[in-house]
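Visitor: Those letters in the sequence shown? Residues 2 to 268, by the numbering used here.
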Amino acid sequence: METRNSFVFDFDSTLVSIETLDTLIKQNLSGEDDRRKIDEITLRAMNGELDFSASLASRLRLSRAKTEDFAQMAARIEGFLTPGMDDILDFLARRGQKPFIVSGGFTQIVRPVAKLFGIPDEDCFANEYIADGNGCVVGVKEGPLAREGGKSEVLRALREQNRLPGTVVMLGDGMSDYQVYADGLADLFIGCGFHVARPNVRACSPVFVETTADLRQFLESLLNVQAQEGASSREPSSREPGPGGLGHPLIRSGPRSSRSRWCPWGL
Ligand SMILES: [Mg+2]
2 METRNSFVFD
12 FDSTLVSIET
22 LDTLIKQNLS
32 GEDDRRKIDE
42 ITLRAMNGEL
52 DFSASLASRL
62 RLSRAKTEDF
72 AQMAARIEGF
82 LTPGMDDILD
92 FLARRGQKPF
102 IVSGGFTQIV
112 RPVAKLFGIP
122 DEDCFANEYI
132 ADGNGCVVGV
142 KEGPLAREGG
152 KSEVLRALRE
162 QNRLPGTVVM
172 LGDGMSDYQV
182 YADGLADLFI
192 GCGFHVARPN
202 VRACSPVFVE
212 TTADLRQFLE
222 SLLNVQAQEG
232 ASSREPSSRE
242 PGPGGLGHPL
252 IRSGPRSSRS
262 RWCPWGL
């Protein structure tokens with residue numbers, strides 16, 4: 002029987018092709034000036050130059066977004082799914098793997114996608130908005146994902162609750178996703194440059210993929226290596242230690258793996 006591992010997906014620019022909050026906000030902006038400001042805030046946040054909670058608050062302030070805007074985005078989010086991602090989630094399900102979504106986006110938009118992929122609400126983590134009596138979104142509810150380093154907080158809690166089976170693989174396009182791995186809360190990080198390939202993420206990712214086809218191929222070989230490792234560990238005489246414990250040509254040493262020997266399976 003195959004080992005069950007945890008695959009933790011970022012949402013914006015990973016499972017879907019857009020930054021949902023920015024797309025939603027831009028619909029509400031008429032002036033080029035405001036649009037430019039939002040772009041600048043997003044870019045700085047994504048590059049790790051701006052505190053996450055500060056960027057979220059600034060974007061919400063600029064947007065004057067309403068709860069109905071969130072509902073409309075939720076209704077059409079299916080049209081923004083990253084092509085090939087359904088195949089990857091289907092592949093992971095067939096191999097008995099456990100997917101999670103951890104997002105700095107909003108529950109109202111993330112959950113419909115989780116549902117499509119068969120991921121239950123309890124394995125899906127995102128922010129909740131605060132609305133006033135007129136349906137205007139005026140803020141974000143207090144929670145780990147509204148804070149800097151929130152994804153690591155969520156993963157730490159899941160680990161403490163023994164809810165992350167096997168090896169924990171974090172996947173995403175941003176530095177906040179990489180941070181989970183850097184904080185030692187994921188065993189592997191896969192940088193995803195499907196829609197936007199950030200140079201600093203590419204530089205520190207032990208694995209970086211640009212297409213979902215490449216991701217699919219990598220995940221398949223990763224699970225096959227694990228299955229082989231499992232089989233050979235049952236026959237100790239035939240086992241040969243691979244370089245770094247995994248020997249996959251696409252995995253390279255990063256800042257974290259230079260501190261601790263890279264050995265993802267069977268930790
Ligand atoms: Mg993202």
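No residue lacks a Cβ here, since even glycine has one placed at the ideal position from N, Cα and C.
Consult DSSP for L186 and reduce its assignment to one of helix, strand or coil.
Guide: Coil, per DSSP.
Visitor: So, under 8 Å CB-CB, G136 and T43 are touching, yes? Tell me the CB distance rounded to an integer number of Å.
Guide: Not really, about 24 Å apart at Cβ, beyond 8 Å.
Visitor: Excluding sequence positions up to five away, which residues of its chain have a Cβ less than 6 Å from the Cβ of V139?
Guide: These residues qualify, in order along the chain: I131, D133.
Visitor: According to DSSP, simplified to helix, strand and coil, what is V197?
Guide: It is coil, neither helix nor strand.
Visitor: Got a list of residues with beta-carbon closer than 6 Å to any non-hydrogen atom of ligand 1, in chain order?
Guide: Output, sorted by chain position: D11, D13, S14, T15, G173, D174, G175.
Visitor: Is N29 closer than 8 Å to H66 when the C-beta atoms are compared?
Guide: Per the sequence shown, the amino acid found at residue 66 is Ala instead of His. It is a contact, given that the beta carbons lie within the stated cut-off.
Visitor: Compute the beta-carbon to beta-carbon distance between F101 and V9, rounded to the nearest angstrom, for a pair I have assumed lies under 8 Å.
Guide: F101 to V9, Cβ: 5 Å. Contact.
Visitor: So, F126 versus S153, is the Cβ gap smaller than 8 Å?
Guide: Cβ atoms of F126 and S153: not closer than 8 Å.
Visitor: Quick one: residues in its chain with C-beta nearer than 8 Å to the C-beta of A72, no 5 flanking neighbours on either side, listed in chain order?
Guide: Here the set comprises Q109.
Visitor: Count the other CB atoms within 10 Å of the CB of Q229; is the residue buried (16 or more) or exposed (fewer)?
Guide: Exposed, since its Cβ has fewer than 16 Cβ neighbours within 10 Å.
Visitor: Taking the alpha-carbon positions, what's the F53 to A232 distance?
Guide: Distance between the alpha carbons of F53 and A232: 44 Å.
Visitor: Quick one: what's got a C-beta closer than 8 Å to P244's C-beta in the same chain, skipping five residues either side?
Guide: Bear in mind that the predicted position of P244 carries a pLDDT of just 32, short of 50, making it unreliable; the figure below should be weighed with that in mind. Nothing meets the Cβ criterion.
Visitor: Secondary structure at G167, three-state DSSP: helix, strand or coil?
Guide: Reduced to three states, the DSSP call for G167 is coil.
Visitor: Kindly confirm or deny that the region 88 to 95 and the region 209 to 225 touch, where touching means at least three C-beta pairs closer than 8 Å.
Guide: In short, these stretches touch, since the Cβ pair count reaches three.
Visitor: Which word fits N225, buried or exposed, when buried means at least 16 other C-beta atoms lie within 10 angstroms of its C-beta?
Guide: It counts as exposed.
Visitor: In the structure shown, what three-state DSSP assignment does L82 receive?
Guide: Note: L82 maps to strand in three-state DSSP.
Visitor: When DSSP labels each residue in this structure, what does F8 get in the three-state scheme?
Guide: It is a strand residue.
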